[in-house]
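Below is one structure, written out as structure tokens; comments come after it.
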Amino acid sequence: MNTPLKGRRKYSIKFTVGSMFLFATTVTACVAIGLQYYFGKQMSQEAVLSKLTTASTSVSDYLHQVETNATSSVKILRGVATSIEHAFTDVETRDIFSQILSDNPLFYSLYFGRNDDRFFQVINLESSPIVRERIKAAPNDRWVVIKIFNEGDKRTRITNYYTDDFSLTKSTTEESNYYPTRRPWYVGAEGTDVFKTEPYLFKHLKITGQTYSIGSPKGAIGTDVVLSAVNQKITATQLGLEEGTDAESFIFNSKGEVIASNRHLFNEVLIPSSAPLAMSEEERVLIEQSPPLLVSNQNDWGPYDYAQSGMPKGYAVDVLELIAEQTGLTFELINGFTSVELAEKYRIDDLQILHSVPANSVTPGIKSDLLFEGQLAIAAKVIRKIPRNLNSLTFDTIGVVGGFGMKSWLLERYPKLNIVELASLDEAKESLMSGELDYLIDTYHTLSELNELVVESTVSVTGLSQSDPISFHLYMKEENQALIAVITAISPQQRRALKAKWLDTNQWRGSFVPYPELYQVTQQQINHDKMIEMEIEGERRFVFVTQMGSGEFGYEYFAVVVPNSVVTEQVIPKLMTSIAATALVMFALMPLAWRFSAPIVKPIRALRLETKKVKARKYSDVGLVNTRIKEVYELSESIAKMGDELQQHEKQREEFVEAFIKLIAQAIDDKSPYTAGHCNRVPEIGMLLAKAAEESSEGKFKDFCFANDAERREFRIAAWLHDCGKITTPEHIVDKGTKLEANYNRIHEVRMRFEVLLRDAEIEYLKTLQEGSIDKEQALSRLNETKKTLQDDFEFIARSNVGGEFMGEAEVERIQAIALKTWKRHFDDSIGLSPFEEMSKVKADVTLPAGQSLPVEEPLLSDKPEHIHRRVHPLEFEPHLGIKVDVPEYQYNLGEVYNLSISRGTLTAEDRFKINEHMISGIKMLDALPFPPELSRVPRYASTHHETLKGTGYPRKLSGESLSIPERILVIADIFEALTAADRPYKKAKPISVAIDIMYKMALDEHIDRDLFILFLESGCYLEYAHAHLPSAQIDEVDISQYVSPSEVA
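Residue numbering for the sequence shown follows full-length UniProt numbering, starting at 1 and increasing by one per position.
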């Protein structure tokens, strides 16, 4: 069932049609704009894709050109050096190298390292702006030539700066600790194949890059490429995007390690600076004379010590920088080697410092104070259960990264472990995944990196909470013992800053692609060279990935992450323009939209007027609406047809209601044969008098008139229902014709008692004669006297029972005297009773007095306790009904003396209330009925015919000001019918003259409206009713002049 939309705002048809038009237009415009946005976005996406494809091709060509040129250049130089016996001078070597660098501006430098550690290098200052800045060259410098050689027990480095025509502008000579044979490019240059290093830190430039090198009989030849030059190739502008665009571009290898990027991969955390260390003069001199110290830098031991695109990074690296700041020492970090290789270089004195080493007895040298601590963890494939205690792993193969003392540290504490050392963390992970290792042990933060580039974890990492944190130190050879003494611990504030920077975030993973989703795309060949939209770190972005490289040096990937805004920035302005234009057009069309509603609104409004006629029940006035809209015309026909059907239905309903009301009235009349016809006759008298009042053109009723037939019908129905409450009144109360009547006339019971007394007197007479105590004549005289007294008393009681005469005090006293006479009851009056009688005796507690037994003497007349019927429930009235009556204490009082003592009529106060209660029942019944508006006054009209003008009536005690003319009419109609009715058992039918006389007195007493009474007489209503309903014997002459003053007659 649908719930009505109560309380919700309603809208006009004009507004609805206009709004629907605007809505349809808006939807159409939105769809069009949406399609425009979609296809515009597609075009923009394709445009960006085209730019990125072009850029990727350019970058790929650039890198390919670099690789090709570098490979061919070093191969040519090797060939020249091998085939020609001529020993080239430095100038000849410089000219050859500079020519190659001029032809290949992408190269940073060309150099040749000999087996005896002699080194010759030519640097191209035009290869990258950062080269000139880092090498501190003058603006007019074009070339830099570096030559390093042994000079006695010292190693010398000469740096010459030249202009474009090789005019010397500056020359510096300084001591050097650079040995080419110890560098990654030299170590890897074996055989005749070109070797390409991983990104590492260039010794002289202190920037990162990659080297292409090849071995020769006398050493190795190499050429460098600065990665900053590659970074410049993948900026937003180089990608064809606007400057300042948040597009992120990366070049990374198959392991996900970033080679170049336009993004700054590290968040800067401010680390408190170190105050200069208080040192002695000898320590200060020692530091000033100390050359730069070569320090290890691992490739992949994050977050403590690793290289990102060759640049040293990590917790330990920052610690070393703080120590350098604190002491004045200079550290040169060497990377590009595995951990095992770095350890070996430290062992053979190619490095002076090996740092981030657990305290152990194997690593040679002197151990510093604590650098930092780390929590150990163990890693295994996710399918393998990780034990809680390392002692339970004696039969498993455990891997650690070798060279830095981790194996020694573990075996000192867990000697039964089977530990295998591996060259790097990457190699260790491969061994773990292949099954060569069962477990891998390292710090928790380091092992957490193993799952960095995968969406679903393949390795499970668990911290070894039962073990103490492992401490890491810096190791130096014994000859540097004096320097160890000045390396002191850093402050707690600095440690907190370092922890926040490296251990509390994952920024150290900047050596890898920062987005695992990006790396996963490289594994999906089908998604290469496309714009793929995906969610990255909670934001929707576009990803472009393409593969680069021929595979000779391993595949590399170029990837770009583009925010949605970059793709839509070309679409949104046009979209906003379209929206603005559409809104402007729609605003201009709004008046027209309102006009479009007219063909519908006008006939609908006409229909509304027709429905108002239906609402007003003017069914005959309902007509068809002239419209060309089929549905509206059909609706108009339906409304007209509905009006006809409603008119017919209403007529049938009214007939049914009136028939039902008449049926109720008939039922009330049929209930008591003595009141038959009362409910039928009162409406006739009422309608006659109402008609006379309407036709009156003078006096107080000249303005009275029912507004329409509906009001006349309302009054007529109220007259029919005026005594509807009598349906609840007990019949024996309504028909009570004698005082002692209670479902039967108890006078017969009293008469029988008199008969008993008479029999008793005759029996006493006969006994006296038999005994002879007095003579016969005297006894007979006494009997006759008693008989005469009994007859007189009964006659008086019977006459009093009829209630035809007024009962004064003397009569009441005589009744009370008669009641004192007694008679003997020989039978039990508590047997053979109905349940109700038994209940009354129980409630009254009626029992024989103590010591008495049958027969008992009883009063001739009595008011017994069982004669009183109490109310079962208290009688209460709803306040809104306005009922004001005095309710007797008891429901009934059947006492014989009490009833015979009634002064007038046959009804006690209880009887009178029970009869009058029919008005209360009628009010309740009518109040409960949902009368329609046209019958709303029926309950009022029907329930006021017992009210008086002076406020003494019942049940509301209304005054004359509260009684309307229709209500006053019903008062007169009810009284006149009651006075003239011949079927009332408690009185005889009165002639109309007597009835008129009684009503006159009632008018004088303000019991009825005198003006209406006079109109009742003058209009002849009383006579018209009498001829129609009364026997001719009741119709006598009535002189109305005696009731109407001369002025009123006039």
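In this text, a Cβ means the ideal position worked out from N, Cα and C, and glycines have one as well.
From the DSSP secondary-structure annotation, give me the bridge partner or partners of residue i.
{"i": "S171", "result": "N160"}
{"i": "K381", "result": "V459"}
{"i": "H473", "result": "V357"}
{"i": "L294", "result": "E332"}
{"i": "K196", "result": "Y212"}
{"i": "L483", "result": "None, per the DSSP bridge assignment."}
{"i": "Q121", "result": "Y111 and I146"}
{"i": "A559", "result": "F250 and V545"}
{"i": "R608", "result": "Partner(s): none; R608 has no beta bridge."}
{"i": "R134", "result": "Beta-bridge pairing links R134 to no other residue."}
{"i": "T397", "result": "N418"}
{"i": "S261", "result": "F250"}
{"i": "E535", "result": "R540"}
If you measure from the CB of residue i, is any heavy atom of the ligand NAD nearer than 7 Å?
{"i": "P599", "result": "No copy of the ligand NAD appears in this structure; indeed no ligand is present at all."}
Is it right to say residue i is buried, meaning 16 or more other beta carbons lie within 10 angstroms of its own, or is it exposed?
{"i": "A692", "result": "buried"}
{"i": "H1027", "result": "exposed"}
{"i": "E248", "result": "buried"}
{"i": "D974", "result": "buried"}
{"i": "Y954", "result": "buried"}
{"i": "S638", "result": "exposed"}
{"i": "P180", "result": "buried"}
{"i": "K429", "result": "buried"}
{"i": "C1021", "result": "buried"}
{"i": "Y11", "result": "exposed"}
{"i": "residue 1052", "result": "Outside the shown range of the chain (1 to 1050) lies residue 1052, about which nothing can therefore be said."}
{"i": "R78", "result": "buried"}
{"i": "N297", "result": "buried"}
{"i": "K884", "result": "exposed"}
{"i": "W508", "result": "Any answer about W508 is weak, because its pLDDT of 49 lies below 50 and its placement is not dependable; what the coordinates show is given next. The residue in question, W508, is buried, as its Cβ has 16 or more Cβ neighbours within 10 Å."}
{"i": "P933", "result": "exposed"}
{"i": "V17", "result": "buried"}
{"i": "A1050", "result": "The pLDDT assigned to A1050 is 31, lower than 50, so where the model puts this residue is not dependable, and the model offers no usable value."}
{"i": "F97", "result": "buried"}
{"i": "S1041", "result": "exposed"}
Leaving aside the five residues before and after residue i along the sequence, list all residues of the same chain whose C-beta is less than 8 Å from its C-beta, in chain order.
{"i": "R871", "result": "Y890 and Q891"}
{"i": "I992", "result": "T980, Y1022, L1023, A1026, L1030, Q1034, I1035, D1036 and V1038"}
{"i": "K990", "result": "L979, T980, I998 and Q1034"}
Between the Cα of residue i and those of the options, spot the shortest distance and give me the residue it belongs to.
{"i": "L1015", "options": "L900, F23 and I969", "result": "I969"}
{"i": "G256", "options": "P516, F976, N527 and E288", "result": "P516"}
{"i": "H946", "options": "L77, S959 and A24", "result": "S959"}
{"i": "W654", "options": "R716, L607 and P683", "result": "With the sequence shown as reference, residue 654 is identified as Glu, and Trp is not the correct amino acid for it. Among R716, L607 and P683, the Cα nearest to that of E654 is on R716."}
{"i": "Y557", "options": "I251, F88, L322 and N626", "result": "I251"}
{"i": "V461", "options": "H445, Y475, L474 and S471", "result": "H445"}
{"i": "P364", "options": "K651, E694 and E478", "result": "E478"}
{"i": "I473", "options": "E421, G435, D369 and L432", "result": "First, the residue type needs correcting, since residue 473 is His and not Ile in the sequence shown. Selected option, being the one with the closest Cα: D369."}
{"i": "A707", "options": "V625, F119, V362 and P966", "result": "P966"}
{"i": "P184", "options": "K196, T173 and G191", "result": "K196"}
{"i": "F544", "options": "S1019, M531, T54 and R155", "result": "M531"}
{"i": "P874", "options": "E805, P888 and V657", "result": "P888"}
{"i": "V401", "options": "I100, W301 and C705", "result": "W301"}
So residue i and residue j are supposed to be a Cβ contact under 8 Å. How far apart are they, rounded?
{"i": "V1044", "j": "L1017", "result": "7 Å"}
{"i": "V295", "j": "L333", "result": "5 Å"}
{"i": "N124", "j": "F112", "result": "Not confirmed; about 15 Å, so no contact."}
{"i": "L293", "j": "F331", "result": "5 Å"}
Just to confirm my understanding: we take residue i, look at its own chain, exclude 5 residues before and 5 after, and list those with CB closer than 6 Å. What are they?
{"i": "F754", "result": "L790 and F794"}
{"i": "P563", "result": "D246 and R541"}
{"i": "E695", "result": "none"}
{"i": "T582", "result": "A29"}
{"i": "V632", "result": "P603"}
{"i": "I148", "result": "F119, R157, S176 and Y178"}
Within the 8 Å Cβ cut-off, does residue i reach chain B?
{"i": "V340", "result": "Given the protein chain composition of this structure (a single chain), no chain B is represented."}
Identify, in the order they occur along the chain, each residue of the same chain with its Cβ nearer than 7 Å to the Cβ of residue i, setting aside the five sequence neighbours on each side.
{"i": "G851", "result": "Below a pLDDT of 50, predicted positions are generally treated as unreliable, and G851, at 49, falls in that range; no measurement from the model is reported."}
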